[in-house]
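Q: Taking the working numbering as reference, the numbering of the sequence shown is continuous, increasing by one, and the terminal residue is 342. Note that the Cβ used here is the ideal one computed from N, Cα and C, for glycine as well. In this text, all values refer to a predicted model and were calculated from it rather than measured experimentally. Structure below; questions to follow.
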Amino acid sequence: MKKSFHLGLYEHFDPVRTADSLVHLKQGVTMPNAEASYWKQQDEEAVLQEFDGHYGFLYYIDVRLDRQRHIPVEVDRADMHILYVLQSPGQTRLYDTDVRPVCQLDSQRAVYLYLPPEEYSLCLPRGRTRLFGFYFRAKIFRRGNERPYDFLRPLLEAYRTGSGTALSTADFSIGLRTRFLIETLCRDIRPKELRNESFIMDKLTRLIALSRETILPAATRAERLRRTAERARELLALYVERDGQSVQLSQIAADLGESLTRISRKHKQYFGQTLQKHREELLLARACDLLHSGLSPTECAYALNYNSPESFFHFFKAKMGLSPLTYLKTQ
């Protein structure tokens with residue numbers, strides 16, 4: 012997707028060659044396969060990471076400032092945006108060319124934006140601010156399939172009619188699952204890999220679905236039960252993807268603020284299986300994916316955080332009826 016959101020860091024910072032020239036933001040790089048640029052002006056620093064995907068353009072901005080600054084932004088094509096303020100000591104604001112506020116966000120809040128071509132100003136507070144965002148063509152919302160996303164209708168209509176006025180939705184909170192998805196997306200995107208675009212599309216659509224869930228709160232008991240079950244299920248999937256067999260179900264209870272007994276009961280009531288059973292299914296599916304990716308059974312065992320290959324082999328054979336090596340030979 013063509014880049015259309017141009018951040019004018021050069022107005023305040025000087026470019027430096029590598030992160031080694033930075034003092035405060037050396038540990039801030041979270042998109043290892045993105046195109047990165049590093050910026051410094053005395054004690055103030057910035058890191059900009061960008062990734063051009065077919066379905067969306069991703070960016071991650073990490074900035075440390077000694078005082079509030081206005082960073083110019085040039086947008087040269089109308090797109091739909093989602094902006095996440097992952098960390099900030101104060102409000103992050105975006106102004107249009109007439110200095111009218113397009114949005115203002117506190118830390119751990121996010122917003123949808125429709126930005127037509129124009130010059131904007133991004134106002135960042137003193138201290139460290141981390142922003143993640145992506146923009147995409149509204150064509151992914153074909154007419155009719157945007158019905159579950161009524162809160163986006165004004166922005167979609169503005170895009171379709173070529174409106175010259177920037178618009179935003181109400182802001183919404185960034186939950187734990189959203190942070191996990193952003194971290195996974197940033198960490199695992201790979202340029203020039205066949206599966207990369209489907210991976211990006213999957214994560215972007217899940218982020219959009221999560222935003223709807225946050226903006227439209229549950230109203231009924233049945234809806235609350237469904238949401239708890241689905242949140243537990245998605246958190247478990249994210250934990251298994253990251254931690255393998257070392258994931259603890261008690262962590263999900265801590266994240267959701269409910270007892271594990273209540274969460275497990277809701278999950279079984281809604282999905283018809285226990286969380287432990289689903290954990291085993293996810294772990295087995297993850298193991299198969301890793302084996303198909305080219306890892307040996309022993310490498311797979313350690314990638315899934317087993318203490319020994321034998322423990323992994325025992326689990327795999329108990330669930331599949333085949334050893335990992337025999338399974339690979341049948342594929």
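With C-beta atoms as the reference, is L59 less than 8 Å away from L20?
A: Yes, these two residues count as a Cβ contact at 8 Å.
Q: For a cutoff of 8 Å on Cβ pairs, would you count Y317 as touching chain D?
A: Protein chain content of the structure displayed is limited to a single chain, and chain D is not contained in it.
Q: Do R198 and R137 count as a contact pair if the criterion is CB distance below 8 Å?
A: No.
Q: Roughly how many angstroms separate the alpha carbons of R297 and I200, rounded to a whole number?
A: R297 and I200: Cα-Cα distance of roughly 17 Å.
Q: Taking C-alpha atoms, which residue in P100, R223, R237 and L286 lies nearest to L247?
A: That would be L286, whose Cα lies nearest to the Cα of L247.
Q: Does the segment 210 to 229 come close enough to the segment 257 to 272 to have 3 or more Cβ pairs within less than 8 Å?
A: Verdict: no, contact absent.
Q: From T108 to V86, what does the alpha carbon distance come to, in whole angstroms?
A: The alpha-carbon atoms of T108 and V86 are separated by roughly 11 Å.
Q: For the 8 Å Cβ check, are there 3 or more pairs between the segment 161 to 180 and the segment 113 to 130?
A: Touching, yes, given that three or more Cβ pairs across the two stretches are closer than 8 Å.
Q: What residue range is occupied by the uninterrupted beta strand (DSSP E) comprising F16?
A: Unbroken beta strand (DSSP E) run through F16: F16 to L18.
Q: Could you please give me the residues that DSSP links to G134 through a beta bridge?
A: One point to set straight first is that residue 134 is Cys, not Gly, in the sequence displayed. For C134, which the question treats as bridged, DSSP gives the partners H81 and R104.
Q: Quick check on the DSSP output: what are the complete beta strand (DSSP E) runs of length 3 or more inside the segment 184 to 249, in order along the chain?
A: Runs found: none.
Q: Which same chain residues, not among the five before or five after F183, have their C-beta less than 8 Å away from its C-beta?
A: The residues are R120, A121, V122, S222, T225 and I226.
Q: Give a yes or no on contact between the segment 58 to 72 and the segment 139 to 150, applying the rule of three or more CB pairs nearer than 8 Å.
A: The segment 58 to 72, when compared against the segment 139 to 150, does touch it at the 8 Å Cβ threshold.
Q: Looking only at C-alpha atoms, which of R235, Y170, L249 and K328 sits nearest to R188?
A: Ranking R235, Y170, L249 and K328 by Cα distance to R188 puts L249 first.
Q: Among the candidates H35, M42 and D63, whose CA atom is the shortest distance from the CA of K51?
A: Nearest C-alpha to K51: H35.
Q: How do the segment 328 to 335 and the segment 274 to 285 stand: do at least 3 beta-carbon pairs fall below 8 Å, yes or no?
A: Touching, no.
Q: Quick check: what's the CA-CA separation for A229 versus A240?
A: Residue placement at A229 is flagged as unreliable, the pLDDT there being 46, under the threshold of 50; a coordinate-derived value is accordingly withheld.
Q: So R141 and Q98 are supposed to be a Cβ contact under 8 Å. How far apart are they, rounded?
A: Correct: roughly 4 Å between the Cβ atoms.
Q: Using a Cβ-Cβ cut-off of 8 Å (strictly less than) and excluding sequence neighbours within five positions of Y131, which residues of its own chain qualify?
A: Same-chain partners within the cutoff: P83, V84, E85, V86, L105, Y106, D107, T108, V113 and A177.
Q: Look at V13 and R88 and say whether their C-beta atoms are less than 8 Å apart.
A: Here the sequence assigns Lys to residue 13, which means Val is not the residue at that position. Yes, they are a contact pair.
Q: Between the C-alpha atoms of G268 and P165, what's the straight-line distance to the nearest angstrom?
A: If you take the alpha carbons of G268 and P165, they lie about 35 Å apart.
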